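If you read the sequences in order, they're chains A and B. Counting from -3, one number per residue, gives the positions in the first sequence under this note's numbering. Counting from 1270, one number per residue, gives the positions in the second sequence under this note's numbering. Here a beta-carbon is modelled for each residue, glycine too, at the ideal position from N, C-alpha and C. In this text the structure is predicted, and so the values were computed from the model without any measurement. A quick write-up on the structure given underneath.
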Amino acid sequence: MKSSKVNKIKSFTSGLAFRLISGIVLWLFIFTVILSSIGYIQFTESLTQEYNDSAFRTAESAAMLVNGDKIDEYLRTEDGRNGQEGSTFVGEEYSDRWNRMNLLCQKQNVTLIYVIKVDTSDYGRFLSVFNTVNDGSGYTPWEVGFERETTNEEYEKIYRDIYENGLEQGTVVRTEGLGGREAHITSLIPIKDSKGAVSAILCVERPMDELVSGRKEYLDNILVATIVLAVFSGACLAWYLKRHFAKPVERISAEADRFARENCFADNAPLEDISQIRELRMLASSISKMEEDTLRYMEDLTRATAERERIAVELSLATTIQTNILPSTFPPYPNRKDFDIFASMDAAKEVGGDFYDFYLLDNDRLGFLVADVSGKGVPAALFMMRAKMTIKSLAESGADVNVILSEANAKLCEGNDAGMFVTAWLGIVDTRTGTLAYANAGHNPPLIRHRDGSFEYIKTRPSFILAGMEGVPYKKNEISLLPGDEIFLYTDGVTEATNLDEELFGEARLRDTLNRDPNETVEARCKTVKSAIDSFAGEAEQFDDITMLSVRFNSFQDYESITTLADSFSSELVWEFINRRTKKAELPRNITNKVQIIVDEIYSNIYLYSGATKAEVSFFMDSEHLILTFRDNGKPYDPLTAAEPDITLSADEREVGGLGIFMVKKMATALEYAYEDGANLLTVTISVKS
Amino acid sequence: MKINQNREAEKLTVAIEGRLDTTTAPEFEKALGEIMGGVTELVLDMTNLEYVSSAGLRVILKAQKVMFSQGKMTLTGVNESVMEVFEITGFSDILNIQ
């Protein structure tokens, strides 16, 4: 209770109104005090001066009655009688003078007029020469020659100054209270002889009664007036300030405070007509405007947030749609054992521009591709859908890879005002023969691993991107795959994945990651690469979509091989194998014979001379070629470098050595040799076109 | 591989059936060696010979060298494949092919 009362008082005394008013009243008071003091002093001085002047005039008048040369004569007046009633005056002049002086004294209403001769040795004594008193004063006039001690030092000094220093006028002021007498003023002037020397001093004492009463009256008046004025003006001011200033300011501050707490408009328009004072009106209207603005901003913000949330929901929906559009069931063709395929796409933003695709175009042909649309987010995602569907429908029409890309390019250039473009690598493999046709539209080179080998980049010069420009040519490339070969496709989100030190994952690292384990499944391969990227990137953000496709060819339908011990018995097995395959292929007799001769030559070389323990012969055919491959684990031997026999020699001179290889060289269309992973690999190609 | 021989005094006709390659050539060589004695005219009938590889060529060359000193050797019924081989290897210049 007490403290709340204290708080109330505190809060009141800290208020604007109170401080203003108390300040003004205080100031008024001080001002009045100062002013009245000045007035008081001024009044006193003026009046004193006035009295002084008056006393001096009287003194001067009186001085004319005194003959300065005759002071000593006056002092020799017999019996020292004064001008008392009933006494006889000695010296007519003296008497005459005395009477006149007395008259002056009465008429001028002064208390005393007297002339003294001061003892000039020490100014400590004086003799009365003339002495007149006012009838109403109650004094007794001194006798002539009456000796008296100087009243005090002040008089002494004045006497001295008059006698010695030529002081013409001396004044002694006595305010009330000294010795119980009223306030009075004494003027002293010198009486000079005819030589100009001071012979006596004439003094006039005047009461200052009017001064005192006047002053008192002044003070009383001033005091009363001040108080009245102060109170009145204080009250007026207080009222005025409170009504026109403090109250509006209070209302404004109350409203600002309320708004800060409630954040809504007030019901009662508290700031209307708040004041006539311009600044207060401005303040009030500013506050009203700020309230409006604040509320509007809050509304806008709420709306914007709701909108953003809605967009986020739609985007996540879009992500789902996009994810569902890429084939994501693995294995996609479970009945097909001749190849394994796996692919993944991790978008950087909710929706991305990368995609992969694969399709069985007919029973024998598998198409697969990886592509990267410029940009990320919704625009890239939309263009990606378009590109994917365009390419797929062209592929399903049975066209060649370069034609597919060429026509896809034309279609995608149409209506491409946004200037998007897409890189792509498209391959179509004939699963009977292992022939892979591919075209590269500005995309990263894929990696290929031949069976028992390691991953290397397929470095063919890429054609231009898709949807960049119309009429651009796309080049078709062809390679022959063998069972066990693997291809790995990816987008630059893999090779350009960055870590916090701004290093790139890079092509070398990708290759090395793939080569770590040659026997991984295609799915494991993609996962290995992904986790390698993740651990490389660390805390760094994923900036680009990461897409990869891994495909391994286990067998081709038209491809077959036989593995044997490298001995003469096995050569019969090999002969039977070749016989069967050539029959199945319905080859003409002469080609069959050729094949058998070649196989005989090479295989017998292997088991006779190479020291191999194992050999493999494979037979592969497509519409134009028959490819025989011979593999053995014997000592390295490159038949291509064998010296050719001189076939022009006569029978006697002829050597038979080297003839076999020579015959093979002559009968085959092409011969290739490699020594890989501890094995000789000889590839013989025979043209079978009719 | 099958060998059919027909000896008429010093003329020996050997018909080879099948193929003459690394597997079969040693057998042919051996057989030929047994029956070539005293022959002044050797005829190799290749009508039913499918093909010949370098191993076969070796045997044929050896026979030719022997017959140079003994008399003469003739090859008959050479088919396309065999002829091709003879030509590639220059044996067509050495042998007497009819």
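Which of the three DSSP states, helix, strand or coil, is assigned to Cys199(A)? Against the first sequence, residue 199(A) aligns to sequence position 203. Note: Cys199(A) maps to strand in three-state DSSP.
So the candidates are Ile682(A), Tyr599(A), Asn105(A); which of them puts its Cα closest to the Cα of Ser1323(B)? Residue mapping note: residue 1323(B) aligns to position 54 of the second sequence, counting from 1. From the listed residues Ile682(A), Tyr599(A), Asn105(A), the smallest Cα separation to Ser1323(B) is found for Tyr599(A).
6 Å CB neighbourhood of Ile1366(B) in its chain, flanking five on each side removed: On the second sequence, position 97 is the one that residue 1366(B) refers to. So the list reads Leu1344, Val1347, once near-sequence residues are dropped.
Could you name the residues of chain B that Leu384(A) contacts, counting a contact when the two beta carbons are closer than 7 Å? Locating residue 384(A) in the first sequence gives position 388, where the first residue counts as 1. One point to set straight first is that residue 384(A) is Lys, not Leu, in the sequence displayed. Those within 7 Å of Lys384(A) in chain B number zero; the least Cβ separation is about 53 Å.
List the residues of chain B whose Cβ lies closer than 7 Å to the Cβ of Gln553(A), in chain order. One-based indexing of the first sequence puts residue 553(A) at position 557. Neighbours of Gln553(A) on chain B: none; closest Cβ ~29 Å, over 7 Å.
Taking Lys465(A) as the query, report the chain B residues whose CB atoms sit under 7 Å from its CB, ordered along the chain. Translated into the one-based positions of the first sequence, residue 465(A) becomes position 469. Note that residue 465(A) is Met in the sequence shown, not Lys. Ordered by position in chain B, no residue passes the 7 Å Cβ test against Met465(A), which lies about 53 Å from the chain.
Local conformation of Ala414(A) per DSSP, three classes: Residue numbering aside, residue 414(A) sits at position 418 when the first sequence is read from its first letter. Ala414(A): coil per DSSP, three-state reduction.
At the level of alpha carbons, what is the spacing between Lys1331(B) and Glu1298(B)? Translated into positions along the second sequence, residue 1331(B) becomes position 62. Translated into positions along the second sequence, residue 1298(B) becomes position 29. Going by the C-alpha atoms only, they are around 9 Å apart.
If contacts are defined as beta-carbon pairs under 8 Å, then Thr1292(B) and Met659(A) qualify, I think. What distance do you get, rounded to the angstrom? Looking up residue 1292(B) in the second sequence gives position 23. Looking up residue 659(A) in the first sequence gives position 663. Not confirmed; about 16 Å, so no contact.
Go to Ile1357(B), then tell me how far its alpha helix (DSSP H) extends in each direction, as first and last residue. Stepping through the second sequence from its first residue, residue 1357(B) is reached at position 88. That run of the alpha helix (DSSP H) goes 1349 to 1357.
Output, in sequence order along the chain, the residues in the region 1318 to 1345 of chain B whose CB is closer than 8 Å to any CB in chain A. So the list reads Glu1319, Tyr1320, Val1321, Ser1322, Ser1323, Ala1324, Leu1326, Arg1327, Leu1330, Gln1333, Lys1334, Phe1337, given in the order they occur along the chain.
Status (buried if at least 16 other CB within 10 Å, exposed otherwise) for Phe261(A): As a working mapping, residue 261(A) is identified with position 265 in the first sequence. Its Cβ having fewer than 16 others within 10 Å, Phe261(A) is exposed.
Cβ neighbour criterion (16 or more within 10 Å) applied to Trp421(A): As a first step, residue 421(A) must be located in the first sequence, where it is residue number 425. By the 10 Å Cβ count, Trp421(A) comes out buried.
Under 7 Å by beta carbon: chain B residues contacting Ile643(A): For the purposes of this step, residue 643(A) is taken as the residue at position 647 of the first sequence. Within chain B, the residues near Ile643(A) are Thr1358, Gly1359.
Provide the residue(s) that pair with Asp426(A) in DSSP beta bridges, ordered along the chain. Taking the first sequence and counting its residues from 1, the one referred to as residue 426(A) is at position 430. Residue pairing by DSSP places Asp426(A) opposite Arg361(A) in a beta bridge.
Could you give the DSSP three-state label for Glu620(A): helix, strand or coil? Within the first sequence, numbered from 1, the residue matching residue 620(A) stands at position 624. Coil at Glu620(A), not helix or strand.
Counted within 10 angstroms of its Cβ, other Cβ atoms place Gly423(A) as buried (16 or more) or exposed: As a first step, residue 423(A) is located in the first sequence; it is residue number 427 there, counting from the start. It is buried - the Cβ of Gly423(A) has at least 16 other Cβ atoms within 10 Å.
Which residue marks the beginning of the alpha helix (DSSP H) containing Gly166(A), and which one marks its end? Here the question's residue 166(A) lines up with position 170 in the first sequence. DSSP places Gly166(A) outside any alpha helix (DSSP H); the residue lies instead in the beta strand (DSSP E), whose first and last residues are 166 to 170.
Of the residues Glu295(A), Asp296(A), Ile270(A), which one's Cα is nearest the Cα of Ser284(A)? Here residue 284(A) refers to the residue found at position 288 of the first sequence. Put simply, of Glu295(A), Asp296(A), Ile270(A) the residue whose alpha carbon is nearest the alpha carbon of Ser284(A) is Ile270(A).
Chain D residues whose Cβ lies nearer than 8 Å to that of Ile593(A): Included in the structure are the protein chains A and B, with no chain D among them.
Kindly indicate if chain B contains any beta-carbon less than 7 Å away from that of Glu410(A). One-based indexing of the first sequence puts residue 410(A) at position 414. With respect to chain B, the C-beta atom of Glu410(A) has no partner C-beta closer than 7 Å.
Close Cβ partners of Phe335(A) (< 7 Å) along its chain, the five nearest in sequence each way excluded: Taking the first sequence and counting its residues from 1, the one referred to as residue 335(A) is at position 339. Annotation for Phe335(A): Leu362, Thr427, Val547, Arg548, Phe549, Asn550 place their beta carbon closer than 7 Å to its own, counting only its chain and skipping 5 residues before and after.
May I ask you to report which of helix, strand or coil DSSP gives Phe85(A)? Counted from its first residue, the first sequence places residue 85(A) at position 89. Because Phe85(A) sits at a pLDDT of 47, beneath the cut-off of 50, its placement in the model cannot be relied upon, and the following sentence gives the value as read from the coordinates. Phe85(A) falls in the coil class under three-state DSSP.
Going straight from the alpha carbon of Ser370(A) to that of Asp628(A), what length do you get? If you number the first sequence from 1, residue 370(A) lands on position 374. If you number the first sequence from 1, residue 628(A) lands on position 632. The alpha-carbon atoms of Ser370(A) and Asp628(A) are separated by roughly 48 Å.
Quick check on the burial criterion: 16 or more other C-beta atoms within 10 angstroms. Buried or exposed for Phe484(A)? Walking along the first sequence from the start, residue 484(A) turns up at place 488. It counts as buried.
Taking only the alpha-carbon atoms, compute the straight-line gap between Pro458(A) and Tyr470(A) and give it to the nearest angstrom. Counting from one through the first sequence, the residue named residue 458(A) turns up at place 462. Counting from one through the first sequence, the residue named residue 470(A) turns up at place 474. Cα to Cα, the separation comes out at about 8 Å.
By the DSSP assignment, the alpha helix (DSSP H) with Pro244(A) in it spans what residues? Counting from one through the first sequence, the residue named residue 244(A) turns up at place 248. Where Pro244(A) is concerned, the enclosing alpha helix (DSSP H) stretches over 243 to 258.
Does the region 53 to 66 of chain A come close enough to the region 179 to 194 of chain A that 3 or more CB-CB pairs lie under 8 Å? Contact check between the region 179 to 194 of chain A and the region 53 to 66 of chain A: three or more CB pairs, one atom from each, fall below 8 Å, which counts as touching.
Selection of the region 651 to 679 of chain A by Cβ proximity to chain B, strictly under 8 Å: Correct list: Val652, Leu655, Gly656, Phe658, Met659, Lys662, Met663.
Relative to the ligand SAH, is the shortest distance from any of its heavy atoms to the C-beta of Lys590(A) smaller than 6 Å? In the structure on display, the ligand SAH does not appear, and there are no ligands present to speak of.
The beta strand (DSSP E) that contains Asp596(A), what's its start and end? Locating residue 596(A) in the first sequence gives position 600, where the first residue counts as 1. Unbroken run through Asp596(A) is the alpha helix (DSSP H), 585 to 601; no beta strand (DSSP E).
Asp358(A) burial status per 10 Å Cβ neighbour count (16 or more: buried): Translated into positions along the first sequence, residue 358(A) becomes position 362. Residue environment: Asp358(A) is assigned as exposed (fewer than 16 neighbouring CB atoms within 10 Å of its CB, all protein chains considered).
Closest to Glu213(A) by CA distance: which of Ala404(A), His439(A), Ser32(A) is it? As a first step, residue 213(A) is located in the first sequence; it is residue number 217 there, counting from the start. The residue with the shortest Cα to Cα distance from Glu213(A) is Ser32(A).
Under DSSP, the beta strand (DSSP E) around Asn127(A) begins and ends at which residues? The count along the first sequence starts at 1 and reaches residue 127(A) at position 131. Start and end: 121 to 129.
According to DSSP, is Tyr486(A) helix, strand or coil? If you number the first sequence from 1, residue 486(A) lands on position 490. In the structure shown, Tyr486(A) sits in a strand (DSSP, three-state: E or B).
Which residue marks the beginning of the alpha helix (DSSP H) containing Ser312(A), and which one marks its end? Numbered from its first residue, the first sequence carries residue 312(A) at position 316. First-last of the alpha helix (DSSP H) with Ser312(A): 274 to 321.
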